[in-house]
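>
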Amino acid sequence: MLGALMVYDISIKPPVKVWSFILPGATTLPMHAKTCYLYGQVPAGAESTAATMLQTGRIYSVFLNGRPDDPSDSTRGYRGKFCITTDATSQQKIIAINKDMQEWRTEICPPRPSRP
Numbered sequence: 053m054l055g056a057l058m059v060y061d062i063s064i065k066p067p068v069k070v071w072s073f074i075l076p077g078a079t080t081l082p083m084h085a086k087t088c089y090l091y092g093q094v095p096a097g098a099e100s101t102a103a104t105m106l107q108t109g110r111i112y113s114v115f116l117n118g119r120p121d122d123p124s125d126s127t128r129g130y131r132g133k134f135c136i137t138t139d140a141t142s143q144q145k146i147i148a149i150n151k152d153m154q155e156w157r158t159e160i161c162p163p164r165p166s167r168p
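Under this note's numbering, the letters of the sequence shown match residues 53 to 168, in that order.
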């Protein structure tokens, strides 16, 4: 169950929050592996900051403050990283940065995903 979501631009130091929302009180949203919360779209009842436009070449960190439905699982949040690049036709593409990729450590947006 999701209680809050925060996105930071970690290309700059110190990192800057570019968007977040929090659900008041004990309110939560369903959270599954395939759940998608669109950037800047605030769920009903949530309090949020204004979403800053994401920029090409920047690396971002997203933190989902939540817990699984299984009470025996002590997980209290999930973190991921991504960046935005452009392809040959100047279309924006999102690159997921996995923990086993060099970019997870260097926090530099690659023109295309590296291999672990």
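In this text, a Cβ means the ideal position worked out from N, Cα and C, and glycines have one as well. These figures come from a predicted structure and were not determined experimentally.
Between the Cα of Gly-55 and those of Gly-132, Glu-159, Ser-100 and Tyr-112, spot the shortest distance and give me the residue it belongs to.
Closest by alpha carbon: Ser-100.
> What does DSSP give as the partner residues of Arg-50 in its beta bridges?
Here the chain covers residues 53 to 168 and nothing more, so residue 50 does not appear.
> Can you tell me where the beta strand (DSSP E) holding Gln-144 begins and where it ends?
Residues 144-149.
> Distance check for Ser-142 and Phe-115, CA to CA, integer angstroms please.
Distance between the alpha carbons of Phe-115 and Ser-142: 28 Å.
> How about Ile-149 and Lys-133: are their beta carbons less than 8 Å apart?
Against a cut-off of 8 Å, the Cβ pair of Lys-133 and Ile-149 comes out as a contact.
> For Val-68, tell me which candidate among Thr-79, Pro-82, Arg-110 and Gly-77 has the shortest Cα-Cα distance.
Checked all of Thr-79, Pro-82, Arg-110 and Gly-77; the closest Cα to Val-68 is Arg-110.
> Quick one: give me the first and last residue of the alpha helix (DSSP H) that Cys-158 is part of.
A small fix is needed here, since residue 158 is Thr in this sequence, not Cys. Run containing Thr-158: 154-158, per the alpha helix (DSSP H) assignment.
> Can you grab the Cα-Cα spacing for the pair Val-70 / Met-58, in whole Å?
For Val-70 and Met-58, the distance between alpha carbons rounds to 8 Å.
> On the criterion of 16 or more Cβ atoms from any shown chain inside 10 Å, does Ser-72 qualify as buried, or is it exposed?
Flag for Ser-72 reads buried.
> Taking 6 Å as the limit between beta carbons, can you name the residues of its chain near Ala-98, skipping five residues before and five after?
Taken in chain order, the residues that qualify are Phe-73 and Leu-75.
> Classify Gly-77: buried if its beta carbon has 16 or more other beta carbons within 10 angstroms, exposed otherwise.
With fewer than 16 Cβ atoms within 10 Å of its Cβ, Gly-77 is classed as exposed.
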